[in-house]
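Engineer: Quick one: the structure is below, questions incoming.
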Amino acid sequence: MPETRNQPVDLTYRVHPVDPEAHLFEVELLLSRAAPAMLRLSLPAWIPGSYMIRDFARNLVEIAASDGEGAPLALEKHDKQTWVADRPVATARVRYRVHAWDRSVRGCHLDATHAYFNGPGLLLRVDGADERPCALELLPPPGEGRADWRLACACRPESVDARGFGRYLADDYADLIDHPVEMGRFTEIPFDVDGVPHRMVLSGQHRADGERLVEDLEHICREHAALFGELPLDRYLFLTSVTGAGYGGLEHRFSTSLMCARADLPRRAERDRPPREGYVRFLGLCSHEYFHLWNVKRIRPQALIDGGLEHEVHTRLLWAFEGITSYYDELALVRSGRIDTATYLGLLANAITRLQRNPGRHLQTLAGSSFDAWTRFYKQDESAPNVIVSYYLKGALVALALDLTLRQRSAGACSLDTVMRALWTRHGRTGVGVAERGIEALAEEVSGLELGDFFATALDSTDELDLAPLFASLGIEMRLRPARDGKDLGGCVERFDPVEAPATLGVRLAPGAPEGVVRHVLAGSPGERAGLAPGDRLVALDGLRVGADDFERAVAALGALDAPVSLHVFRDDELLELAVRPQPAPADTCELRLLPEADAAAQAARAAWLASHV
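The numbering used here applies: residue 1 is where the sequence shown begins, and numbers increase by one.
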């Protein structure tokens, strides 16, 4: 990677959160050497790691430009995201404002409490200058009341003050827009991983046990680094926005941007207790995004290397870059000692349950899910459970199946760990992109196994994954049973108890609604056959009023009926009476059980699977 500090900087971006109350960033772009052709400026249509067209240019509210002599330079809007100057110039100054009210890890957000931005939503691209070094000057907001604001960013500093404001350097435009920035009042907790400085920044009100958090993260990060054999960076930043109920993450080469619920952070009073479910979820999120610094940020699909940020870039490989990452994010928790084996098996059982409850797995292949992420996974509607499958969820279970298949068929000589290390050596270190079938070919090469049938089934068909025999090879028994209620996701159990299947209509209600509002009607379900539709508001079942809190219990109490009963709903403003016939709940809930009588070979295989690399 070239060192920007040894090269002249041709583009300087000066970012100022000029009006927090109006949610306006002001950006000044200085070009000391403009492109030889007509000056052409644009904002990306999407942000790497989030595969949906977001049209960031819609938030640019005003723009003006001048040449090096100060004379006005007219900019003509060429398309939805591009501006073109009316004449060639040697140097130029562009000033524009962006409205920032996207409280997510993907966009820009500015108010009186903090400022946050991602480069694709704020920093104009200069056509023909993608490879040029850039400077990023970050200014504090106006007003004495914000004198205590600080700045957190993983971009390489050149000259910054004690609060973090000042001048940063980027190797090129791709590097420039790969460093999210947080300004405001936040908690910063430093820690080291194999001698590399890391920081956890928590922005927002919280009472987190920071010491436990960074201790756990240190073990998880070290586990990932040991898997790949190296930590290919000199700094890393966890940039976390703490909210009431948020969740999400977006990966970057030297940082990650996270959003978590306040209640999911660890508490000091729980220091000596096993981690709560919410905290395990947050650790899994941190683990997921950290694994991405290898898998997708440095080991990259060739399609994403060749594609641009102005339009969709399709690849069938998201099953690997997100699914394999999703597999390792929780596997690293048990390998690093953050959770025990039973908790990990419970997480796997929950994942299998969620997949089994998704009828779309019968219609969409995993490779198809990857390819159509732009228009289907990221633009889900009321039909989503019936027509799509998640490349995160099924991808993680395919990664599990591939890992256990490699271990079983090679007698422990090869695993998915072996494949990931080969991917790092061949593609991560070199920057050579991964071909669309490259991971399949590499898995066969390093294992010496014929895996064509496995990948044909897992990636290109809608056949069910046969996980039970793979678990059995590790001394783990698997079963599918009916759910006891809507909150039952299965788990790891000591014994398999009999479960009587409750009656169901195959309907999912919208969460948080004060009344029962139908969100999804599953394909082939009694609700679908009765004519229920998304958006219907429940009124009465069998002549008795029902709502969101008691609908499930009321259906279960009916049992599986030979004759239909009445269900009254409002569809828009019309009252409808539907005839419904509840049926027994399907066996879609996974339980896993460690077999105490497992032989020594199975126990050894399980121990090798869950063993730490550190």
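The beta-carbon is built from N, C-alpha and C at its ideal position, and this holds for glycine as well. For clarity, every value in this text was computed on a predicted model and none was experimentally measured.
1. Assign Q380 to one of three DSSP states: helix, strand, or coil.
2. In the DSSP output, which residue or residues are listed as bridge partners for L576?
3. Tell me the rounded alpha-carbon separation between G512 and R93.
4. Can you list, in chain order, the residues of its chain with a C-beta nearer than 7 Å to that of V389? Leave out the 5 residues immediately preceding and following it.
5. Check whether the segment 347-358 and the segment 482-498 are in contact - that is, three or more C-beta pairs closer than 8 Å.
6. Give me the Cα-Cα distance between A503 and D381, rounded to the nearest whole angstrom.
7. So, at 7 Å on beta carbons, what are the nonlocal neighbours of V546 in its own chain, with the 5 sequence-adjacent residues on each side left out?
8. Would you identify the three-state DSSP class for A604, choosing helix, strand or coil?
9. Starting from the Cα of I47, find the closest Cα among H311, G284 and L561 and give me that residue.
10. D573: which of R581, L592, G535 and G559 sits nearest, CA to CA?
11. Using the C-alpha atoms, what's the distance from C260 back to Q302?
12. Which value, in whole angstroms, describes the spacing of the CA atoms of L60 and D272?
13. With burial defined as no fewer than 16 other Cβ atoms inside 10 Å of the residue's Cβ, what is the status of R5: buried or exposed?
14. Which residues in the same chain as M200 place their Cβ atom closer than 6 Å to its Cβ, once the five residues preceding and following it in sequence are excluded?
15. Given this structure, state the Cα-to-Cα distance separating D19 from F56, to the nearest angstrom.
16. Throw me the rounded Cβ distance for the P133 and D172 pair, which I believe falls under 8 Å.
17. To the nearest angstrom, report how far apart A413 and R407 are at their CA atoms.
18. Please state if the CB of L558 and the CB of H568 are separated by a distance shorter than 9 Å.
19. Taking C-alpha atoms, which residue in D86, K297, L11 and F282 lies nearest to G433?
20. Would you please state the rounded distance, in angstroms, between the beta carbons of L317 and E436? I believe it to be under 8 Å.
21. Is E69 buried or exposed, if buried means 16 or more other CB atoms sit within 10 Å of its CB?
22. Is it true that the CB of V181 sits closer than 9 Å to the CB of R235?
23. In or out: W149 buried (at least 16 other Cβ within 10 Å) or exposed?
24. On a Cα-Cα basis, can you pick out the residue from E597, H23, K487 and L416 that is closest to L227?
25. Would you list the residues sitting across from I47 in a DSSP beta bridge?
26. Under 9 Å between the Cβ atoms of M183 and H292?
27. I'd like to confirm the pairing. Which residues does DSSP put opposite E251 in its beta bridges?
28. By a C-beta neighbour count over all protein chains shown, 10 Å radius and 16 as the cutoff for buried, is E277 buried or exposed?
29. Using a Cβ-Cβ cutoff of less than 6 Å, which residues in the same chain neighbour V9 once the five nearest sequence positions on both sides are dropped?
30. Any idea if E21 is buried or exposed, counting beta-carbon neighbours within 10 angstroms, 16 or more meaning buried?
31. Please report how far the alpha carbon of A598 lies from the alpha carbon of A342, in whole angstroms.
32. Going straight from the alpha carbon of C108 to that of A100, what length do you get?
33. Quick check: the Cα distance between L610 and R335, rounded to an integer number of angstroms?
34. Who are the near neighbours of A90 in its chain, counting only those whose CB is closer than 8 Å to its CB and skipping five residues on each side?
35. Output the distance between the C-alpha atoms of E440 and D542, rounded to the nearest integer angstrom.
36. Tell me the rounded alpha-carbon separation between E218 and Q583.
Structural biologist: Short version:
1. coil
2. Checking the DSSP bridge columns, you'll see L576 partnered with V569.
3. 49 Å
4. N358, G360, R361, Q364, L366 and S369
5. yes
6. 26 Å
7. G516, L538, A540 and A554
8. helix
9. For the residues H311, G284 and L561, the minimum Cα distance to I47 belongs to H311.
10. Taking only the C-alpha atoms, the option nearest D573 is G535.
11. 32 Å
12. 49 Å
13. The pLDDT assigned to R5 is 47, lower than 50, so where the model puts this residue is not dependable, and the model offers no usable value.
14. I189, V214 and F238
15. 19 Å
16. With a beta-carbon spacing of about 7 Å, P133 and D172 fall inside the 8 Å limit used to define contacts.
17. 7 Å
18. no
19. Ranking the options by Cα distance to G433, first place goes to K297.
20. Going by Cβ atoms, the distance from L317 to E436 rounds to 6 Å, so yes, they are a contact pair.
21. By the 10 Å Cβ count, E69 comes out exposed.
22. no
23. Around the C-beta of W149, 16 or more other C-beta atoms lie within 10 Å, and the residue is accordingly described as buried.
24. L416
25. S50
26. no
27. T256
28. exposed
29. P133 and A135
30. exposed
31. 16 Å
32. 5 Å
33. 5 Å
34. R33, A34, D67 and G68
35. 54 Å
36. One C-alpha to the other measures close to 49 Å.
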